[in-house]
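**Q** Residue numbers (the UniProt record's numbering): 1 to 83. Please read through the structure below; I'll follow up with questions.
As structure tokens, then:
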């Protein structure tokens, strides 16, 4: 439980009540950020929970290789966008 910091007498509040109380005094731009965050977080959870096939550890083991030059510096052409 959470406590109402705006009250003289201690009153236990639920998490939802505490969030609503904090949002009631937040500026409009912050409210928009919170709304966008909530929508994004809910959407991300839906995408993860709707995955059609479960991940299987080591399913493709040995099928991917990394070249011996993986850690070598990239040429200047790469960084400069030259062909």
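All residues carry an ideal CB built from backbone N, CA and C; glycine is no exception. Computed from a prediction, not measured in an experiment: that's the story for all the values here.
Are the beta-carbon atoms of residue 23 and residue 31 separated by less than 8 Å?
**A** Contact flag set, yes.
**Q** Looking at the unbroken alpha helix (DSSP H) that takes in residue 24, where does it start and where does it end?
**A** Residues 15-24.
**Q** What did DSSP end up calling residue 82 once you bin it into helix, strand or coil?
**A** Residue state, collapsed to three classes: coil.
**Q** By the three-class DSSP mapping on this structure, what secondary structure does residue 63 have?
**A** Of the three classes helix, strand and coil, the one that applies to residue 63 here is coil, per DSSP.
**Q** Grouping DSSP H, G and I as helix and E and B as strand, with all else coil, what is residue 58?
**A** Three-state result, residue 58: coil.
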